[in-house]
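Enquirer: Below you'll find the structure I mean.
Protein chains: 2
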Amino acid sequence: MTGPELANHYRGYIVCLNAQAWPQLGDFVHGHVVHNGRQLGLSGYRDMLIGNFADIPDLRFNIGLLLSDPPRVASRLYFDCTPSGEFLGLAIDGQRVAFTENVFYEFRERKIVEVWSVIDKAAIEAQL
Amino acid sequence: MTGPELANHYRGYIVCLNAQAWPQLGDFVHGHVVHNGRQLGLSGYRDMLIGNFADIPDLRFNIGLLLSDPPRVASRLYFDCTPSGEFLGLAIDGQRVAFTENVFYEFRERKIVEVWSVIDKAAIEAQL
Chain E
328 MTGPELANHY RGYIVCLNAQ AWPQLGDFVH GHVVHNGRQL GLSGYRDMLI
378 GNFADIPDLR FNIGLLLSDP PRVASRLYFD CTPSGEFLGL AIDGQRVAFT
428 ENVFYEFRER KIVEVWSVID KAAIEAQL
Chain P
328 MTGPELANHY RGYIVCLNAQ AWPQLGDFVH GHVVHNGRQL GLSGYRDMLI
378 GNFADIPDLR FNIGLLLSDP PRVASRLYFD CTPSGEFLGL AIDGQRVAFT
428 ENVFYEFRER KIVEVWSVID KAAIEAQL
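If you read the sequences in order, they're chains E and P. Be aware that the first sequence starts at 328, since it is given in the numbering used here, and climbs by one per residue. Be aware that the second sequence starts at 328, since it is given in the numbering used here, and climbs by one per residue.
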């Protein structure tokens, strides 16, 4: 895929997440995906996302910046949401928080095989 | 600049930082640079970096992942260093810590005009 094609494919992945369209997740995520050094595989990755939506009922992924340099994508995601309990070890307890995630992805055969993510925890702490 | 040219130019910026070659910083950083929403300008940006090296005497920037999608660069930086006192509000006090920074840059006329950086504070906390 060209850079623009890979960027469009990535946008489809974000649409899939926001729709919680889990049967389609395998179109975007590789069976042996690794997330921040953990070998989750597709089912573990899906379980992580389902858990995120359970912990944050109004979770929505918003793309701020998007770079495509095949086979990699880098994205700055914006969140404005209300974790119901604990999040990143912080007691949020239903407070609304806004924060960002700077995340890198590597694709193989149109599917994400590795993710390197950093969430701006300090920004959340500053809002508590 | 093409993608590979911008990536090479960015590598020169990292060489400049590690050499603490402050008179050359203006070759890479715009006079009106904004860092995480703060309008620092070149002198404020330089002061921030000088402060980082003062707080972390063995600071060294290591590029892990590098994406170039002109006019933007995304980089995952690795650090393995020894902050002498407080860092990100954490009392490090001379302990060696390893952590990453996922950071986006926008260039204009070969110079960085905006930076969006997230440091993995949770990873540092886990080492204390």
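The beta-carbon is built from N, C-alpha and C at its ideal position, and this holds for glycine as well.
Between P/R435 and the rest of its own chain, which residues show a CB-CB distance below 8 Å, the 5 nearest in sequence each way excluded?
Expert: Taking the first residue of the second sequence as position 1, residue 435 of chain P is located at position 108. So the list reads H357 and P398, once near-sequence residues are dropped.
Enquirer: Can the beta-carbon of P/S402 be found less than 7 Å from the beta-carbon of P/V440?
Expert: Against the second sequence, residue 402 of chain P aligns to sequence position 75. Against the second sequence, residue 440 of chain P aligns to sequence position 113. Taking 7 Å as the Cβ cut-off, P/S402 and P/V440 do not qualify as a contacting pair.
Enquirer: So, is the C-beta of E/W443 closer than 7 Å to a C-beta in chain P?
Expert: As a first step, residue 443 of chain E is located in the first sequence; it is residue number 116 there, counting from the start. Taking Cβ atoms only, chain P reaches closer than 7 Å to E/W443, which makes this a yes.
Enquirer: Using a beta-carbon distance cut-off of less than 8 Å, what residues from the segment 417-439 of chain E approach chain P?
Expert: T427, E428, N429, V430 and F431
Enquirer: Considering just the uninterrupted stretch of the beta strand (DSSP E) at E/A401, what are its terminal residues?
Expert: Stepping through the first sequence from its first residue, residue 401 of chain E is reached at position 74. Here the beta strand (DSSP E) through E/A401 covers R399 to C408.
Enquirer: Using the rule of at least 16 other Cβ atoms within 10 Å of the residue's Cβ for burial, across every protein chain shown, is P/V400 buried or exposed?
Expert: Locating residue 400 of chain P in the second sequence gives position 73, counting from the first residue. Buried is the call here.
Enquirer: So is P/R403 in contact with chain E if we call contact Cβ pairs under 7 Å?
Expert: Residue numbering aside, residue 403 of chain P sits at position 76 when the second sequence is read from its first letter. Output row for P/R403: interface = yes.
Enquirer: Taking 7 Å as the threshold (C-beta atoms), are P/R373 and P/L404 in contact?
Expert: On the second sequence, position 77 is the one that residue 404 of chain P refers to. On the second sequence, position 46 is the one that residue 373 of chain P refers to. Not closer than 7 Å, so no.
Enquirer: Assuming P/L455 contacts P/L417 under a Cβ cut-off of 8 Å, what Cβ separation, rounded to an integer in Å, is found between them?
Expert: Stepping through the second sequence from its first residue, residue 455 of chain P is reached at position 128. Stepping through the second sequence from its first residue, residue 417 of chain P is reached at position 90. With a Cβ gap of about 6 Å, P/L455 and P/L417 count as contacting.
Enquirer: Rank E/K438, E/G421 and E/D407 by C-alpha distance to the C-alpha of E/A450 and give the top, closest one.
Expert: For the purposes of this step, residue 450 of chain E is identified with residue 123 of the first sequence, where counting begins at 1. Of E/K438, E/G421 and E/D407, the residue nearest in Cα terms is E/D407.
Enquirer: Among the candidates P/L376, P/H359, P/R437 and P/V442, whose CA atom is the shortest distance from the CA of P/G339?
Expert: In the second sequence, the residue the question calls residue 339 of chain P occupies position 12. Checked all of P/L376, P/H359, P/R437 and P/V442; the closest Cα to P/G339 is P/R437.
Enquirer: Mapping the DSSP letters down to three states, classify E/N389 as helix, strand or coil.
Expert: Locating residue 389 of chain E in the first sequence gives position 62, counting from the first residue. It is a strand residue.
Enquirer: Any residues in the segment 379-413 of chain E with a beta carbon nearer than 9 Å to a beta carbon of chain P? Which ones, in chain order?
Expert: G391, L392, L393, L394, S395, D396, R399, V400, A401, S402 and R403
Enquirer: Less than 7 Å between the C-beta atoms of E/F388 and E/L344, yes or no?
Expert: As a first step, residue 388 of chain E must be located in the first sequence, where it is residue number 61. As a first step, residue 344 of chain E must be located in the first sequence, where it is residue number 17. Contact: yes.
Enquirer: Taking the alpha-carbon of P/Q409 as reference, which of P/D385, P/F380 and P/I390 has the nearest alpha-carbon?
Expert: Locating residue 409 of chain P in the second sequence gives position 82, counting from the first residue. The residue you asked about is not Gln; residue 409 of chain P is Thr in the sequence shown. With distances taken between Cα atoms, P/T409 lies closest to P/D385.
Enquirer: Near P/A425, which residues of its chain fall below 6 Å by C-beta distance, leaving aside the five closest residues on each side in sequence?
Expert: The sequence position of residue 425 of chain P within the second sequence is 98, counting from 1. Same-chain partners within the cutoff: D407.
Enquirer: For the candidate residues P/I419, P/S411, P/D396 and P/M375, whose alpha-carbon lies nearest to that of E/T329?
Expert: Taking the first residue of the first sequence as 1, we reach residue 329 of chain E at position 2. Of P/I419, P/S411, P/D396 and P/M375, the smallest CA-CA separation from E/T329 is found for P/D396.
Enquirer: Give the secondary structure of E/R365 by DSSP, where H, G and I count as helix, E and B as strand, and everything else as coil.
Expert: The residue labelled residue 365 of chain E in the question sits at position 38 within the first sequence. It is a strand residue.
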